[in-house]
Amino acid sequence: MTLQIEMSEETFGNILGKAFRNTAFVAGFVITLLILAMAVVSYGWTPYDVTKLVISDKTQAPSLAHWFGTDHFGRDILSMVMVGARNSIAVALVAVGIGMGVGVPLGAFAAARGGLVDEALMRLNDLVFAFPALLSAIMITAIFGPGAINAIIAIGIFNIPVFARVARAGALAIWPREFILAARAAGKSSTQITIEHVLPNIATLLL
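Just so we're aligned: 126 in numbering that gives the first Met the number 0 is position 127 of the sequence shown, and the numbers increase by one with no gaps anywhere.
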């Protein structure tokens, strides 16, 4: 009798399909696209010059002339949002990239190894969590000096344990499944199994 083992069928298309069936993901994706579009457009055009002060137009309510209103210096808030989106997008992408790039491998490694390695990595995560993000940013700024790059690094470091915990939790749910046992029986190493089977199956959690 032949034993049929269920294998992992997660592909990039399946992952995207699952993600876009999630209402929260779709809402976040649309909002992110709008912000990204505003940031890109702002390099060539904004409704008003953000450096120009028009005191006579200060603190105006939203209108056809100023969709988001004006601030106390008479600057168009929509134009400022468009320009400010550049830095916001850059900071978010780099900080999340740091958190995901370090946190996901740590979490997946902890789940694969288990035992003392898992315990040590999770306690290290708890140590990072013990410091609020703002305090971490202040500490890094105090050590390395002020600057946008240091702020991005601080935010990225705080994101590491977040992604590590999510990756570990997802990986722990995948490891006991039959297709993982089949991969082990086929002689694949823990690293190969993690890359080929575990990570694709937890990708939707990370998104």
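Backbone N, C-alpha and C define an ideal beta-carbon position, used for all residues, glycine too.
Residue i, enclosing alpha helix (DSSP H) - first and last residue
{"i": "Ile152", "result": "Ala147 to Ile173"}
{"i": "Asn86", "result": "Ile76 to Arg112"}
{"i": "Ser135", "result": "Ala132 to Phe143"}
{"i": "Glu177", "result": "Glu177 to Ala184"}
{"i": "Ala266", "result": "Past the boundaries of the shown model lies residue 266; the chain is included only from 0 to 206, so the question cannot be answered."}
{"i": "Ala202", "result": "Leu198 to Leu205"}
{"i": "Thr69", "result": "First-last for Thr69: undefined, no H or E at that position."}
{"i": "Ser189", "result": "Ser189 to Ile192"}
Which listed residue (the options) has its alpha carbon closest to that of residue i
{"i": "Leu204", "options": "Lys51, Gln191 and Val103", "result": "Val103"}
{"i": "Thr45", "options": "Ile192, Leu35, Met79 and Ala18", "result": "Met79"}
{"i": "Pro199", "options": "Ala184, Ala185, Gly186 and Trp174", "result": "Trp174"}
{"i": "Ala111", "options": "Ile194, Phe19, Gly16 and Arg20", "result": "Ile194"}
{"i": "Leu171", "options": "Arg20, Ile192 and Ile54", "result": "Ile192"}
{"i": "Tyr47", "options": "Met81, Ala60 and Gly12", "result": "Met81"}
{"i": "Phe162", "options": "Ala84, Ala136 and Ala202", "result": "Ala202"}
Separation of residue j from residue i, as counted between CA atoms
{"i": "Ile14", "j": "Gly169", "result": "14 Å"}
{"i": "Leu92", "j": "Gly146", "result": "17 Å"}
{"i": "Ile154", "j": "Ala132", "result": "7 Å"}
{"i": "Asp56", "j": "Asp75", "result": "9 Å"}
{"i": "Phe24", "j": "Thr31", "result": "10 Å"}
{"i": "Thr1", "j": "Lys187", "result": "Only weak support is given to the placement of Thr1: the predicted model assigns it a pLDDT of 43, under 50, and the value that follows is read from those uncertain coordinates. Each residue's alpha carbon lies about 21 Å from the other."}
{"i": "Leu115", "j": "Tyr42", "result": "51 Å"}
{"i": "Asp70", "j": "Lys51", "result": "12 Å"}
{"i": "His196", "j": "Thr190", "result": "10 Å"}
{"i": "Ala141", "j": "Ser62", "result": "43 Å"}
{"i": "Gly100", "j": "Phe143", "result": "22 Å"}
{"i": "Val29", "j": "Arg176", "result": "34 Å"}
{"i": "Leu126", "j": "Ala166", "result": "18 Å"}
{"i": "Leu77", "j": "Val40", "result": "12 Å"}
{"i": "Gly83", "j": "Ile151", "result": "15 Å"}
{"i": "Trp66", "j": "Thr58", "result": "12 Å"}
{"i": "Gly27", "j": "Ala136", "result": "26 Å"}
{"i": "Gly12", "j": "Gly68", "result": "42 Å"}
Contact belief for residue i with residue j at Cβ below 8 Å, rounded distance in angstroms
{"i": "Ala109", "j": "Asp117", "result": "4 Å"}
{"i": "Asn158", "j": "Val95", "result": "6 Å"}
{"i": "Asn149", "j": "Ile156", "result": "About 11 Å; that fails the 8 Å criterion."}
{"i": "Ile54", "j": "Phe72", "result": "7 Å"}
{"i": "Phe106", "j": "Arg164", "result": "Going by the sequence as given, residue 106 is Gly instead of Phe. Yes, Gly106 and Arg164 are in contact; Cβ-Cβ is about 6 Å, under 8 Å."}
{"i": "Leu134", "j": "Ala18", "result": "Not quite, the Cβ-Cβ distance comes to about 33 Å (not below 8 Å), so this is no contact."}
Closer than 8 Å is the cut-off here; do at least three beta carbon pairs connect the stretch 173-191 with the stretch 119-135? Too few Cβ pairs lie closer than 8 Å, so no.
Contact between the stretch 84-100 and the stretch 21-35 (3+ Cβ pairs under 8 Å): Short answer: they touch.
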